[in-house]
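Protein chains in written order, with our numbering: chain A, 6 to 427; chain B, 196 to 610. Virtual Cβ for every residue (Gly too), placed ideally from N, Cα, C.
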Amino acid sequence: MIKQYFKQIVHLWKNNPLFSAISVLATALTIAFVMTLYMVYTFRTADMAPEINRSRTLYSDAGYSYLTKDHSNANRGMSKSTAEKIFGNLENAETVSYIMNKGEGVGFVGTSPANREKRIVSPIDDNYFHVFKFDFLSGNPITDEQFEAQSKVAVITDKLALSFFSNTEEAIGKNITIGFEDYRVAGVVRSVSSLFNKAYSDVWIVADKTSLDWGQQYSEGLRGMCQVIVAAKKGVPLKKLNAEIDEKIKKLNDGLREFTFELEMLSHPQTSFFNDKAVNPAQIIIVLILILLIVPAINMSGLLSTQIKKRSEEIGIRKAYGASNWQVGKQLLFENLMLTLVGGAVGLIFSFIAVSIFKNILLADIMTINASESFDLPTAFFFNPTLFFLMLLFCLVINLLSAMLPVWNASRTTIIQTIKGE
Amino acid sequence: MWKTALKQIWKNRKSNSWIFIEIMTVSVLLWYCVDFLYVVVRKNLEPMGVNTEHVYRLNLGAHITQNFDRNNPDSIDYYWINPFRQVLNLVNAYPGVEATAYYAGTGLYSPRPMFQGYTADEKNAYGAKIRYVSEGYDNVFKVKLREGSFADWEMRTSPQGAVISPELADSLFKTQAAIGETFRDYYVPDLKYRVSGISAPMKYDRYGRYEPFIYTPVSYGMFAYTIPAIAVRVKPEADTPKFAEKFMDEMKSKLNIGPYYLFGFMSYDSRSEVADINSGISSYVSVIIGLLIFFLFIIFLGVLGTFWFQMESRRGEVGLRMALGSSRKNVLRYIILESMIIFFLAFVPAFIVCANLAYWDITYTFNDAMDYTWTRFWITQLLDAAIMIGIISLSVLIPARRASKVHPVEALRNE
């Protein structure tokens, strides 16, 4: 039976090349767009090493304080002591990391003041390496003791290590200059694609406590260059964590005499697209995908009806020989499905090519621009079975949407009507 | 001709209804794309009030090795201002440099603006974005002035000179004829200003709106807290693509004066590209353009397919027309006419839907960048219709030409 189906399908395509070509092309284009959108969204939001906790992480903004009575003396910034009051005892949090708000984070790094290059430098604490999972090739991450002691230690990438020293083991314990100060290399990690805008860096150093906290004389001790990354406990929804944080901020404000402090937390998808809490990226992507699936389905419905009309004699004869409505419909659906699957496969390949060629337009942000080299797409991602299954699913959806009405119509026409030639 | 066309369209309504629905849906969706791109293009065409072509931003870093007294002007002079002047002199002497100036406060294409509050009547306070600029700033950036000039630009005079944008003039003085008027900083009563010029409307970044803006001199005290950015205007003939690289290489060691060192040198055009990517606009624009191309392709395929199959089943009709004296050209025109009528019939409901969306403000495009006016609606609708007509005519041409090439005898015989 299946063999018969396939024979008929090949025959069909040979006899109706234009219809087949248009259907395949329309499906390929649709699938290419839909899969590109999906890939862009996933690259930015799915859990991928080193950002393996994206789905349960919240990032703070810079913080904002002002005099309550007239809103003057308004400044961006948050001190570590303020942050500790808010994030110090969260029930719903597994890890809290206090890092420096580094802006574009560019610094001069070299083995001596004479040969320095611009690199991204990230001042962090020890918990940073618990939120992100880096691949340590040699040495160790920054420890709690090193942070408390404010030791001048640094973790560097293997690319940096190889450009300064002969291999990654040898780099451990050696000195590098960052800005105008010497740091000792404590660990070397595998380089990270600048696609990961939260984890990307060339060098990680111990954050300077005096920069994190500007002291009591500034806005009741509220100001500093601190930023916070919070990973929620497994299974805890981010909304719950966010609500708990908002409670703590309220408590903090109750204890302030003259100033008000404001802080907003963003989830990873919210920081990856538009940096705006009002916009929900997931919703937008879903709406876009729906639109992209429905429009070509309308297109192909029309073409399919015309095609089926052409074959009304054949359908009439088959029914005269005892084929049921269901059997006729099944075959038509199957034939259409074959077309959409071919289109889908072509479309998937198109989408891979599109994402690779247009990655700079689709995925770039401030980190990728300042990074020392163009960013790589993790190839493992392309060979992901989820992508393949999604492609099949979308093909099925297009198929059903476009074929439903015409096939139902066709299988319902009575035998007499078709043989008479209506 | 019209009556016949309408009759034929009705006769083929089963086949035409699909393309009708598709044209209607795509007209609405395409309109969103067109509207968004319209705003993007208009915003880019709006003048910024300053000219940044051939202008570079020089950033100095500071390595503090000595203590200095923030409150002692001589200490600030010695530690910060004198070395800064030396740096400026060296930069000015670099071949190809036309003019330099320095500024602090709200940068150009930078993420963090600086605000201050001002009052003219001691009661009402108005906010404005502030830029502290040195003398010669207007020359480097060719700041457009409607009236007045950057006069009284001495750092130590009081009241200080101030150039304000028309919006601030309206807020403070309720009139544009504000030259010579005085006002003060709302929170610092001693800080007094006199309006020496009214600038052209100013925008903080490309996609923002025209806002209240104020330019005042850089005070000595600022040097104790911040390092002003240096703006360098380069002669057009000297501005090559490698200029920035060359400058960095040659000046890196030379600018190690006092606590300063050369941190960065970048053109403002590059800065604005970075700002766009940072805000997400660039990827938004590419997705919308991608959608636009997608919809055009789908319509193209749809109209092509529908009319191709229709023409195949209507060969007899075409043959008959030609046998009765219609020329090939007329047949072609007639088919295109049919497609245009279908389009207009489908566009009417689409137009009504769009009008409703616009009225109830359900447009997701960029409303804080530009007001939603009826002019904008009409222009975008026109553009939408024009694009649809264009793509439909193109795609109907192919089956139409094929049909008009049919030999009437053959067609009639086949029937």
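| Asked | Found |
| --- | --- |
| For residue 441 of chain A, which residues in chain B fall below 8 Å Cβ to Cβ? | Absent from the structure is residue 441 of chain A, since the part of chain A shown begins at 6 and ends at 427. |
| Taking a Cβ distance cut-off of 8 Å, strictly less, list which residues of the segment 521-543 of chain B are near chain A, in chain order. | none |
| Can you give me, in chain order, the residues of the segment 152-186 of chain A that have a beta carbon less than 9 Å from any beta carbon in chain B? | 184 and 185 |
| Nearest by alpha-carbon distance to residue 419 of chain B: which of B:268, B:301 and B:578 is it? | B:268 |
| Taking the alpha-carbon of residue 191 of chain A as reference, which of A:33, A:159, A:206 and A:397 has the nearest alpha-carbon? | A:159 |
| Just the C-alpha distance for residue 469 of chain B and residue 224 of chain B, rounded to the nearest angstrom, thanks. | 30 Å |
| Counting C-beta neighbours from all protein chains within 10 Å, is the total for residue 237 of chain B 16 or more, i.e. buried, or is it exposed? | exposed |
| Go through its chain and collect everything with a Cβ distance to residue 86 of chain A's Cβ below 7 Å, but skip five positions before and after it. | 218 and 226 |
| When you compare only the Cα positions, how much space is there between residue 476 of chain B and residue 59 of chain A? | 23 Å |
| Would you say residue 303 of chain A lies against chain B (beta-carbon separation less than 8 Å)? | yes |
| Secondary structure at residue 295 of chain B, three-state DSSP: helix, strand or coil? | strand |
| Anything in chain B within Cβ reach of residue 367 of chain A, meaning under 7 Å, just list it in chain order. | 478 and 481 |
| Could you tell me the alpha carbon to alpha carbon distance between residue 567 of chain B and residue 66 of chain A, rounded to whole angstroms? | 31 Å |
| Can you find a CB in chain B that lies within less than 8 Å of the CB of residue 73 of chain A? | no |
| Where does residue 222 of chain A sit, in a helix, a strand or coil, going by DSSP? | coil |
| Pull the bridge partners of residue 125 of chain A from the DSSP assignment, please. | A:111 |
| For residue 408 of chain A, decide whether its Cβ has a neighbour in chain B, counting only Cβ atoms nearer than 8 Å. | no |
| So the candidates are A:51, A:95, A:415 and A:30; which of them puts its Cα closest to the Cα of residue 246 of chain A? | A:95 |
| What is the DSSP secondary structure of residue 251 of chain B, reduced to helix, strand or coil? | strand |
| Which residue wins for smallest C-alpha separation from residue 356 of chain B, given the options B:277, B:251 and B:326? | B:326 |
| Report the residue from B:388, B:444, B:201 and B:383 whose alpha carbon sits nearest the alpha carbon of residue 376 of chain B. | B:388 |
| With 8 Å as the threshold, decide whether the Cβ of residue 263 of chain B is near any Cβ in chain A. | no |
| Taking the straight line between their C-alpha atoms, what separation do you get for residue 149 of chain B and residue 52 of chain A? | Any answer about residue 149 of chain B is impossible in this case: the structure gives chain B only from 196 up to 610. |
| Output needed for residue 413 of chain B: all residues of its chain with C-beta closer than 8 Å, excluding positions within five of it in sequence on either side, in chain order. | 297, 298, 299, 327, 328, 329, 350 and 423 |
| Can you pull the DSSP bridge partners for residue 391 of chain B? | Answer is none; residue 391 of chain B lacks a bridge partner. |
| According to DSSP, is residue 251 of chain A part of a helix, a strand, or is it coil? | helix |
| How long is the line joining the alpha carbons of residue 366 of chain B and residue 310 of chain B, rounded to whole angstroms? | 15 Å |
| Check each candidate in A:115, A:212 and A:39 and name the one with the smallest Cα separation from residue 107 of chain A. | A:212 |
| May I have the straight-line CA-CA distance separating residue 515 of chain B from residue 494 of chain B, to the nearest angstrom? | 30 Å |
| So residue 370 of chain B contacts chain A; which residues on that side make the cut at Cβ distance below 8 Å? | The premise fails here: residue 370 of chain B is roughly 27 Å from chain A at the closest Cβ pair, so nothing lies under 8 Å. |
| For residue 387 of chain B and chain A, any beta-carbon pair shorter than 8 Å? | no |
| Quick one: list the residues of chain A neighbouring residue 496 of chain B, beta-carbon separation under 7 Å, in chain order. | 27, 30, 31 and 304 |
| Measure the alpha-carbon distance for residue 54 of chain A versus residue 595 of chain B and round it to whole angstroms. | 56 Å |
| Give every residue of the same chain whose Cβ lies closer than 7 Å to the Cβ of residue 246 of chain B, excluding the five residues on either side of it in the sequence, and list them in chain order. | 336 and 337 |
| Between which two residues does the beta strand (DSSP E) carrying residue 412 of chain B extend? | 408-412 |
| Alpha carbons only, please: which of B:433, B:589 and B:492 is nearest the one belonging to residue 530 of chain B? | B:589 |
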